[in-house]
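Trainee:
Residue numbers (the numbering used here): 170 to 448.
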């Protein structure tokens with residue numbers, strides 16, 4: 170049995186198929202953990218969702234910002250951007266089943282010694298806090314009034330976590346941390362405009378995984394979302410968005426027996442798009 174974590178697919182089904190072939194993946198034997206942004210910007214979002222739903226229990230998929238954007242667009246909360254490529258999902262005969270599958274996905278997982286998120290973890294949260302916050306957000310997305318939550322989900326404020334936060338403000342901080350976080354202050358104030366690599370931090374901010382005293386330090390964390398990050402060398406930090414949709418690679422990390430150790434496997438993605446708004 171092999172266990173693999175895979176970075177942002179973003180609708181690149183052909184590279185995903187080649188990667189699974191490279192892994193000699195067998196759904197009866199192996200397990201995949203995909204770290205969010207399953208759809209959008211690539212040419213085959215519908216095919217990606219159909220492939221993953223067919224894998225059932227052998228593929229565990231997190232939600233990313235593009236996946237939430239799909240749900241919001243499908244229910245009239247957000248307009249599609251010119252660069253969006255999810256129209257095939259919205260007009261598919263199995264649209265409702267696929268959208269329901271997407272909204273049932275988790276926001277964070279802790280499996281085989283790895284904490285898995287799409288974007289990041291706030292420095293005030295330990296593993297238990299992270300999973301509890303994910304459970305809260307998953308509850309909102311799975312509730313009968315989940316479309317009402319979508320209508321209030323977007324926004325940059327509040328920009329930092331407090332245990333005293335309640336209602337929509339509380340959930341907005343959680344969703345922003347899990348799906349948008351790159352840089353924050355030592356106090357956990359998030360910054361959402363900068364999309365450069367780790368060396369491009371605005372004054373007063375650092376990559377979320379470099380905050381001194383981060384409570385998930387010592388726990389291996391795998392994440393996607395940050396295609397410009399590059400090959401950072403940090404103990405217990407594994408970025409897996411290697412820019413497939415921008416002409417980079419689609420990357421898998423095979424979880425090895427020793428805690429925190431992985432084997433990286435990559436396939437080149439020949440799809441080449443220019444980064445745009447929301448990348």
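Just so it is clear, CB atoms sit at the ideal spot from N, CA and C, and this is done for glycine as well.
Where does residue 184 fall in DSSP's three states?
Mentor: Helix, per DSSP.
Trainee: Could you pull out every residue in the same chain whose Cβ sits closer than 6 Å to the Cβ of residue 448, ignoring the five residues on either side in sequence?
Mentor: Annotation note: pLDDT 43 at residue 448 (below 50); position unreliable, coordinate value reported separately. Answer for residue 448: no residue qualifies.
Trainee: Are residue 287 and residue 347 closer than 8 Å when you measure CB to CB?
Mentor: Yes; because the gap between Cβ atoms is below 8 Å, this pair is in contact.
Trainee: Less than 7 Å between C-beta atoms, sequence neighbours within five positions excluded: which residues of the same chain meet that for residue 320?
Mentor: 246, listed in sequence order.
Trainee: Exposed or buried, what is residue 376 when buried is set at 16 or more other beta-carbons lying within 10 Å of its beta-carbon?
Mentor: Residue 376 should be labelled buried.
Trainee: Specify, as a first and last residue, the run of the beta strand (DSSP E) that residue 201 falls within.
Mentor: Unbroken beta strand (DSSP E) run through residue 201: 200-203.
Trainee: Which residue marks the beginning of the alpha helix (DSSP H) containing residue 244, and which one marks its end?
Mentor: Residue 244 -> no alpha helix (DSSP H), and no H or E assigned at all.
Trainee: In this structure, how does DSSP classify residue 287 when only helix, strand and coil are distinguished?
Mentor: Coil at residue 287, not helix or strand.
Trainee: Hey, residue 175 and residue 409: beta-carbon distance below 8 Å or not?
Mentor: Yes, Cβ-Cβ distance for residue 175 and residue 409 is below 8 Å.
Trainee: Using the C-alpha atoms, what's the distance from residue 382 back to residue 404?
Mentor: One C-alpha to the other measures close to 14 Å.
Trainee: Find out if the Cβ-Cβ distance for the pair residue 407, residue 390 is shorter than 8 Å.
Mentor: In contact: residue 407 and residue 390 (Cβ atoms closer than 8 Å).
Trainee: Let me know if residue 439 comes out buried or exposed under the rule of 16 or more other beta-carbons within 10 Å of its beta-carbon.
Mentor: Label assigned to residue 439: exposed.
Trainee: Give the DSSP bridge partners of residue 360, in chain order.
Mentor: BP columns for residue 360 point to 352.
Trainee: Leaving out five residues before and five after residue 238 in sequence, what residues of the same chain have Cβ atoms less than 7 Å from its Cβ?
Mentor: If we look at residue 238 and ignore the five residues flanking it on each side, its Cβ neighbours are 209 and 247.
Trainee: When you compare each of 393, 402, 345 and 340 to residue 368 by their alpha carbons, which one comes out closest?
Mentor: Nearest of 393, 402, 345 and 340 to residue 368, Cα basis: 402.
Trainee: Which runs of the beta strand (DSSP E) fall wholly inside the stretch 213-288 and span at least 3 residues, in chain order?
Mentor: Entirely contained in the stretch 213-288, the beta strand (DSSP E) runs reaching 3 residues are, in chain order, 228-230, 277-280 and 283-286.
Trainee: According to DSSP, is residue 302 part of a helix, a strand, or is it coil?
Mentor: Three-state result, residue 302: helix.
Trainee: What does DSSP give as the partner residue(s) for residue 435 in the beta ladder?
Mentor: For residue 435, which the question treats as bridged, DSSP gives the partners 420.
Trainee: Is the CB of residue 286 under 8 Å away from at least one CB in chain D?
Mentor: This model lacks chain D altogether, as it is built from one protein chain only.
Trainee: Buried or exposed: where does residue 191 fall if 16 or more other Cβ atoms within 10 Å of its Cβ makes it buried?
Mentor: Residue 191 is exposed by the Cβ-count criterion.
Trainee: Should residue 393 be labelled buried (16 or more other beta-carbon atoms within 10 Å of its own) or exposed?
Mentor: With 16 or more Cβ atoms within 10 Å of its Cβ, residue 393 is classed as buried.
Trainee: At which residues does the alpha helix (DSSP H) containing residue 318 begin and terminate?
Mentor: Per DSSP, residue 318 belongs to the alpha helix (DSSP H) from 315-322.
Trainee: To the nearest angstrom, report how far apart residue 219 and residue 196 are at their CA atoms.
Mentor: About 15 Å.
Trainee: List the whole-angstrom C-beta distance separating residue 186 from residue 206, where the pair is believed to meet the contact cut-off of C-beta under 8 Å.
Mentor: Rounded, the Cβ-Cβ distance is 17 Å, inconsistent with contact.
Trainee: Across the stretch 420-432 and the stretch 275-291, are there enough close Cβ pairs to call them in contact, namely three or more that are closer than 8 Å?
Mentor: Enough Cβ pairs lie closer than 8 Å, so yes.
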